[in-house]
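Student:
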Amino acid sequence: MDVQKELGKWKSEYVKCNTPEELADHKKRFRAFLQTLSPEDKKAFAQAFQDGARQSIDEAQAIVKTVEIRQTLEKVLPFASMSYIAQHYFGRTRQWLYQRINGSAVNGKPANFTADELNTLSLALSELGDIMKDTSRSITRP
Numbered sequence: 001m002d003v004q005k006e007l008g009k010w011k012s013e014y015v016k017c018n019t020p021e022e023l024a025d026h027k028k029r030f031r032a033f034l035q036t037l038s039p040e041d042k043k044a045f046a047q048a049f050q051d052g053a054r055q056s057i058d059e060a061q062a063i064v065k066t067v068e069i070r071q072t073l074e075k076v077l078p079f080a081s082m083s084y085i086a087q088h089y090f091g092r093t094r095q096w097l098y099q100r101i102n103g104s105a106v107n108g109k110p111a112n113f114t115a116d117e118l119n120t121l122s123l124a125l126s127e128l129g130d131i132m133k134d135t136s137r138s139i140t141r142p
């Protein structure tokens, strides 16, 4: 038995359930299916299920991190030039930077910042903030 394929089939059916009755029916059929498995297949199926759950948790954590970064950047996006930051600090395009800020799909996977890229972004915002402060201080105030 192809455990991944079978698990994918059951997940797909689960996602399509719209009512409590459909969910109950799916659960009943799934339990019956599990009873038909040999001990070896049960073990392989359980392992595949756990691996899938871990992967889902990792993906959810990545999404949460992306949302947190986006929320943090909301304060500066209206006035900070993401084009400037992308070009001068990353050597990339504005689109590249926004793909990471928004967690957009690139080649079928959500684009995320690496730890080094987050450090670079933090440094860029800090340096730009310092430049703005220095410029503000240098302006003669009446």
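With full-length UniProt numbering, letter number 55 in the sequence shown gets 55, and the count goes up by one each step, no holes.
We treat Cβ as the ideally placed atom computed from N, Cα and C, and that holds for glycine.
Being a predicted model, the structure only gives us computed values, none of them experimental.
(1) Which of helix, strand or coil does DSSP assign to Ala105?
(2) Measuring straight from C-alpha to C-alpha, what distance separates Leu37 and His88?
(3) If distances are taken between C-alpha atoms only, which option among Glu127, Val15, Lys65 and Tyr14 comes closest to Phe113?
(4) What residues match up with Pro110 in a beta bridge as DSSP calls it?
(5) Taking only three categories from DSSP, how would you classify Asn18?
(6) Are the CB atoms of Gly103 and Ile63 within a distance shorter than 8 Å?
(7) Does DSSP put Ala44 in a helix, a strand or coil?
(8) Quick check: the Cα distance between Ala60 and Glu68, rounded to an integer number of angstroms?
(9) Could you tell me whether the Cβ atoms of Leu7 and Ala48 are closer together than 8 Å?
(10) So, under 8 Å CB-CB, Glu117 and Arg137 are touching, yes? Tell me the CB distance rounded to an integer number of Å.
(11) May I ask which residues mark the beginning and end of the alpha helix (DSSP H) holding Leu118?
(12) With a Cβ-Cβ cutoff of 8 Å, do Ala80 and Leu128 count as a contact?
Tutor: So, to answer that:
(1) strand
(2) 58 Å
(3) Lys65
(4) Ala105
(5) coil
(6) yes
(7) helix
(8) 12 Å
(9) yes
(10) Not quite, the Cβ-Cβ distance comes to about 31 Å (not below 8 Å), so this is no contact.
(11) Ala115 to Ser138
(12) yes
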